[in-house]
Amino acid sequence: MEYTVGVSNMDIELRPLIENRLSAANKRSGQIQIKEDHKNYVALDFAGREQLFELADILADIVIENLQIRFIMREIAHDYDFVAEKDQCEILINTLKRLWYHGEKGDLEHLKQDISSRIAVCMLEGQEHVLWLDGVLRFRMRDFVEQWKDTLEDCVDDYLLESEKHEFIKLLRYFVSMRDPILPYVIIRPGEEEYQIFDGNSAKVSVILPGSEHGGTREVSKEDLLLSQLINLAPENINISEIQDEDLKTLLHQVFIGRIRS
39 MEYTVGVSNM DIELRPLIEN RLSAANKRSG QIQIKEDHKN YVALDFAGRE
89 QLFELADILA DIVIENLQIR FIMREIAHDY DFVAEKDQCE ILINTLKRLW
139 YHGEKGDLEH LKQDISSRIA VCMLEGQEHV LWLDGVLRFR MRDFVEQWKD
189 TLEDCVDDYL LESEKHEFIK LLRYFVSMRD PILPYVIIRP GEEEYQIFDG
239 NSAKVSVILP GSEHGGTREV SKEDLLLSQL INLAPENINI SEIQDEDLKT
289 LLHQVFIGRI RS
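Each residue of the sequence shown is one higher than the last, beginning at 39 in my numbering.
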């Protein structure tokens, strides 16, 4: 059985990608042979249906390990060119991690099996014995491509959110650095409705924030309220040993660099 497999719009040399994935048994028996090749397509000859399914597995690997990566890279370069190059690489890696591993050990293998099945169906149904992989992506794997785009968008959103958070933390650090410490030492203790601040003599510290006398802090979370109070106090040492919220502890470490005591 003869078949031509190609990629029309990506700079990919298929021959080495296919040859490197052929099983040792097939290489010895020659049941799958490359008869002719050009840069973006190869003409193959294989014995029968068993080899067709093996070839479909090989092409599924190529889709995931090459076409998918190139597709996402192209989307990033086209739609998110405002992102620094090193951050684009991080977004690419995070996108692939989410696509390949959803918390289940065998996720990637299941993904390959699904793609392989779709490719095999295309090959069995094809009357002209020609398969363009990007055509398979466009017409037989639209759900996959949409998932790639959605996952990429989620990762970019996370990146932007993290960048905004980083800039916000830098601003808070600046506010802290510009204030003279009101107290040398405070300890934070969780309360039922808000965190309590005590000084080195175990006396409760009250902090009146701008607008709070008019009820301006009613909708503020207890974590944000604590952060605002600590920025106003700018203590030299902050004991957070009684705080259980790990995210809050991390944030305090990031804002009050060198001042946190556990």
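Cβ coordinates follow ideal geometry from the N, Cα and C atoms, glycine included.
Spatial neighbours of residue i within its chain, please: CB distance less than 7 Å, with the 5 preceding and 5 following residues excluded, ordered by chain position.
| i | result |
| --- | --- |
| Asp99 | Arg59, Lys150 |
| Gly86 | Met39 |
| Pro219 | Ala272, Pro273, Glu274 |
| Asn239 | none |
| Asn22 | Residue 22 lies beyond the residue range present for the chain, which begins at 39 and ends at 300; the question has no answer from this structure. |
Which same chain residues end up closer than 6 Å to residue i when comparing Cβ atoms and leaving out the 5 residues on each side of it in sequence?
| i | result |
| --- | --- |
| Leu52 | Val80 |
| Lys287 | Ile278, Ile281 |
| Asn64 | Ile70 |
| Arg299 | Asn275, Asn277 |
| Val243 | Ile235, Asp237 |
| Lys77 | Glu51 |
| Asp83 | Glu40, Gln71, Lys73 |
Using the beta-carbon count (16 or more within 10 Å), is residue i buried or exposed?
| i | result |
| --- | --- |
| Tyr212 | exposed |
| Phe92 | Reading the sequence as shown, one finds Glu at residue 92 and not Phe. So Glu92 ends up on the buried side. |
| Ser154 | buried |
| Glu123 | exposed |
| Ile225 | buried |
| Gly44 | buried |
| Ile56 | buried |
| Gln185 | exposed |
| Tyr139 | exposed |
| Phe120 | exposed |
| Leu199 | exposed |
| Gln89 | buried |
Apart from the five residues just before and just after residue i, which ones in its own chain have a Cβ nearer than 8 Å to its Cβ?
| i | result |
| --- | --- |
| Glu128 | Tyr197 |
| Glu231 | Lys260 |
| Glu74 | Val80, Ala81 |
Tell whether a beta-carbon distance below 7 Å holds between residue i and residue j.
| i | j | result |
| --- | --- | --- |
| Ile278 | Leu290 | yes |
| Glu261 | Leu190 | no |
| Ile110 | Leu130 | yes |
| Gln292 | Ile207 | yes |
| His148 | Tyr41 | no |
What whole-angstrom Cβ distance do residue i and residue j have, given they're in contact under 8 Å?
| i | j | result |
| --- | --- | --- |
| Ala94 | Ile157 | 4 Å |
| Met161 | Leu171 | Incorrect: roughly 11 Å between the Cβ atoms, too far for contact. |
| Below 8 Å, can you find three or more Cβ-Cβ pairs linking the region 212 to 223 to the region 260 to 275? | yes
Checklist entry - Are three or more beta carbon pairs between the region 174 to 186 and the region 97 to 117 nearer than 8 Å? => result yes
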